[in-house]
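Each residue of the sequence shown is one higher than the last, beginning at 0 in numbering that gives the first Met the number 0. Just so it is clear, CB atoms sit at the ideal spot from N, CA and C, and this is done for glycine as well. Keep in mind the model is a prediction, meaning the values are calculated, not measured. Shown next, in structure tokens, is the structure this report addresses.
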Amino acid sequence: MEPGFFLLFATVSVITALTVVLARNPVHSALALMACFLNISAIFVMLEAPLLAVIQIFVYVGAIMVLFLFVIMMIDVREAVLQRFLPGGNLPAMVLLILLGIEMLVLVLWTDRFSITEPAAMGGGDQTRQLSTTLFADYLLPFEAASVILLAALVGAIVLARKEQG
């Protein structure tokens with residue numbers, strides 16, 4: 000029964016992620032992103048990582064989605080819809096998307112990392128302490144890079160939300 004739930008949550012996550020990209024209305028796109036985050040949180044629960052599931056809900060669904068919705072409500076959506084982000088058509092972007100999808104599929108199919116095995120037990124200690132030690136010791140650079148990217152996204156959202164002077 001557990002692989003069935005995983006496939007259900009993963010399929011809904013992929014569908015909602017595609018809806019984020021393909022939706023014409025920014026509010027619908029933001030709501031689809033929230034649904035995608037909730038499905039990813041459900042996958043974390045299935046992986047017996049409740050701390051990550053709660054963090055996923057609090058940080059992404061709670062804080063970042065509220066920020067996105069405020070920015071969407073602050074900018075003039077009707078004017079933004081009229082502007083094209085990729086002038087000259089979307090063909091190069093679609094070709095790149097298809098090539099990256101094929102590359103990801105090939106890498107997933109050729110690797111042994113996704114074989115069906117049971118996850119290793121955490122050793123009976125405090126899982127939160129082990130997670131934080133691993134995060135801030137072994138993965139400090141990616142953690143800091145993610146925080147810089149989130150800061151750049153926040154600054155970009157503020158710049159987009161500002162009204163032009165004059």
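Asked	Found
Expressed to the nearest angstrom, what Euclidean distance is found between the alpha-carbon atoms of S40 and L98?	28 Å
Starting from I56 and walking both ways along the alpha helix (DSSP H), at which residues does that stretch end?	Run containing I56: none; DSSP gives neither H nor E here.
Any idea what DSSP makes of D137, helix, strand or coil?	helix
What is the DSSP secondary structure of L95, counted as helix, strand or coil?	helix
Run through DSSP, which three-state label would E102 get?	helix
If contacts are defined as beta-carbon pairs under 8 Å, then V60 and L96 qualify, I think. What distance do you get, rounded to the angstrom?	In fact, because the Cβ distance is near 26 Å, the residues do not count as touching under 8 Å.
So what does DSSP say about N38, is it helix, strand or coil?	helix
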